[in-house]
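Working notes, structure below.
There are 2 protein chains.
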Amino acid sequence: MTRQIGIVKAMAVHQKTTRSAPEKIEGSAREKLLRAAGELFYAEGVHTVGIDRVIERAGVAKASLYNTFGSKEALVTAYLTERAQTRQEALTQRIAKEAAPREKILAAFDVVAELVKRPGFRGCAFVNASAEGQPDADGVRGVCTSTRSWTRALFTELSRELGVREPERVGARLALLYTGAVVSAGMDRNPDAAEDARALAAMLLDAEAPKRTRRARS
Amino acid sequence: MTRQIGIVKAMAVHQKTTRSAPEKIEGSAREKLLRAAGELFYAEGVHTVGIDRVIERAGVAKASLYNTFGSKEALVTAYLTERAQTRQEALTQRIAKEAAPREKILAAFDVVAELVKRPGFRGCAFVNASAEGQPDADGVRGVCTSTRSWTRALFTELSRELGVREPERVGARLALLYTGAVVSAGMDRNPDAAEDARALAAMLLDAEAPKRTRRARS
DNA sequence: GAGCACCTAGACAGAGTTGTCTAGTCGGAG
DNA sequence: CTCCGACTAGACAACTCTGTCTAGGTGCTC
Chain A
79 MTRQIGIVKA MAVHQKTTRS APEKIEGSAR EKLLRAAGEL FYAEGVHTVG IDRVIERAGV
139 AKASLYNTFG SKEALVTAYL TERAQTRQEA LTQRIAKEAA PREKILAAFD VVAELVKRPG
199 FRGCAFVNAS AEGQPDADGV RGVCTSTRSW TRALFTELSR ELGVREPERV GARLALLYTG
259 AVVSAGMDRN PDAAEDARAL AAMLLDAEAP KRTRRARS
Chain B
79 MTRQIGIVKA MAVHQKTTRS APEKIEGSAR EKLLRAAGEL FYAEGVHTVG IDRVIERAGV
139 AKASLYNTFG SKEALVTAYL TERAQTRQEA LTQRIAKEAA PREKILAAFD VVAELVKRPG
199 FRGCAFVNAS AEGQPDADGV RGVCTSTRSW TRALFTELSR ELGVREPERV GARLALLYTG
259 AVVSAGMDRN PDAAEDARAL AAMLLDAEAP KRTRRARS
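Chains A and B, in that order, give the protein sequences. Counting with the working numbering, you get residues 79 to 296 for the letters of the first sequence. Counting with the working numbering, you get residues 79 to 296 for the letters of the second sequence.
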C-alpha cells in the first residue's frame, strides 16, 4: 500500500487478444509467482491465501514478490488480468473457427461448457475476487468491469453481425446467460448449466434474428 | 471452532416459508447481532469484516456473540440462513398474488428487479459468501446449496403447473436466469439485468408451454 | 433481599497477516 | 577479477484476527 513499484500497465489489456504479448518476455520469478497465484487464489480465494503460501508454492523468496509486484493487491490484479487475457484468447480462437455469426455466438457457450467441466473449476474468478474486496477503489474492480464489458462487447458485435434489431440488448442478454452459466455451474457443482445457457442463447437468437438472411456475408 | 454451543438447528430452514418462526422469539442480543452481521457481511464481505466491527455495530459485548453463536463461522451461517429465509418469504408472498403459473414465474423476476434496485445491493450474498470460504466442509456451503435447490425446486414446480414437457429442465433454466440476473446486476452495477432475465424467461415459457391450455386450472 | 439469567467492558493469548530489511549466493559482462 | 543485477533465506516489526476469561452490572422472580 506504501510504495507500489511496477505493475501500473496492468490495465492496458483489453483488445489485444492475439497471443503472447509483444512487450517483453518477463523473467522467471514473475512467471512462477503468477502461476502460483493463479492456482492458489482461484482455488481458495484471494483473502484466504497468504503471501507466504504463494511464495512457497512458487518457490521464490518474499523479496522477489515485493520487488516484482510491490504489494499483494498488485499481485492479485495481475493474476486477474492474466486470467482475463487467457479467457479472451480462448474465446476469440474458438469463435474464429466458425464462419456464421450465429455459430460464433453458440461457440462461446461451448467454451463455457468445456471450462466448467475442468477439474478445479470453482466459478467465475472475477465474481469471486470482487466478492472479497473492498467495495470500491481497488484494482480488482477495474479488471472486472473491463473484462465484463469486453465480453458484452463481443456478444453485441456478433449480434450486430447477425443482424438483430437491437444488438446492444441482445448482447447484454447473451452476456447474462454467460455469467449465469459460469456462476451456476460453480455454485451447484453442475456443468449442465453451460448447456442450458447454450440452449437459451439459441432460443434467443431464433427469436431475434431475421429469418430471411441466408447468405453468410458477415 | 472449539466448542460450538448453540446454533445447530440452523440448517432446519428450508420449506417453512410462512412467516415468523413458531419456535421462540429470540432474545435481543441475538437479533442485534444478526442485524449487524447482515448489514456488514453483505456490504463488505465476510472475511473483511471482523468480529469487533460486528459487535460494535450491534452494540453488544463480545461475550454475547460467543455465548449466542459460538464462533464467527456460526454467525456467518446464521446470517446467510436468515437471508435465505427472508428471500424465500419475499418470493412466495409475491408469487401468491398471481393466479396463473406463468405470471407466478414472471413475478419472481419482478422481485429480482426490485431487489437489485435497492441502495446497498451488492450481488448474491450466497455467491459472495461461498467465494470467500474454504472449498468445502463449512456451513456456508450447506446454506448455499439448500437455498439454490429451493429456488430451483420452486421454478420446477411452477413449470410443472404450467404444463411444460420437462419441468426439471425448464426449472433449472429459470434458476440460471435468476442467478444470472442477480450476479450480473451486482457486478455491473446495472439493474437492467433483471428485466433482461425476465424477458428471457418469458421467451422460454412461450417456447416451452403448450399453447392449447387456456383455462387456468393450476 | 437472594438468586439467577443475561448482559457489558475489556484485557489478553495465540495465531496469522503484510511488508521491510539485512546478509548472502550465483552467473555472467566488461 | 570485479562489479552488477537478480535472486534466496529468513528475521522482524507492526499490525489484525478469533476466541477466552475475569469482573461486574441490571432486572426479574421467588
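Each residue gets a CB set at the ideal place from its N, CA and C atoms; glycine is no exception.
| Check | Outcome |
| --- | --- |
| Residues from the segment 194 to 217 of chain A in contact with chain B, defined by Cβ distance under 9 Å | 200, 201, 202, 204, 205, 206, 207, 208, 209, 210, 211, 212, 213 |
| For residue 268/A, three-class secondary structure by DSSP | coil |
| Of the listed residues 269/B, 209/B, 245/B, nearest to residue 127/A (C-alpha basis) | 209/B |
| Chain-order list of residues whose beta-carbon lies under 8 Å from that of residue 180/A (same chain, five-residue window excluded) | 240, 283, 287 |
| Pairwise C-alpha distance: residue 278/B and residue 184/A | 16 Å |
| Cβ-Cβ separation, residue 275/B to residue 258/B (assumed contact under 8 Å), whole Å | 6 Å |
| Chain-order list of residues whose beta-carbon lies under 8 Å from that of residue 135/A (same chain, five-residue window excluded) | 114, 117, 118 |
| Own chain partners of residue 253/A with C-beta closer than 7 Å, once the 5 adjacent residues on each side are dropped | 229, 230, 233 |
| Collapsed DSSP secondary structure at residue 149/A in the structure displayed | coil |
| C-beta atoms of residue 110/A and residue 154/A nearer than 7 Å | no |
| Cβ distance (whole Å) where residue 182/B is taken to contact residue 236/B below 8 Å | 5 Å |
| Rounded straight-line distance, which links the Cα of residue 248/A to that of residue 285/A | 10 Å |
| Classification of residue 211/A by the beta-carbon crowding that lies within 10 angstroms, buried from 16 upward | buried |
| Contact set between residue 226/B and chain A, taken where Cβ atoms lie within less than 9 Å | 262, 265, 266 |
| Near-chain B residues of the segment 268 to 279 of chain A - C-beta to any C-beta below 9 Å | 268, 270, 271, 274, 275, 277, 278 |
| Pairwise C-alpha distance: residue 221/A and residue 221/B | 30 Å |
| Rounded distance between the beta-carbons of residue 190/B and residue 260/B, thought under 8 Å | 6 Å |
| Cβ pair residue 251/A, residue 245/A closer than 7 Å | no |
| Residue-chain proximity (residue 257/B, chain A), Cβ-Cβ < 7 Å | yes |
| Residue 135/B at chain A interface by Cβ criterion, 7 Å | no |
| Residue interval of the alpha helix (DSSP H) (run including residue 217/A) | 217 to 240 |
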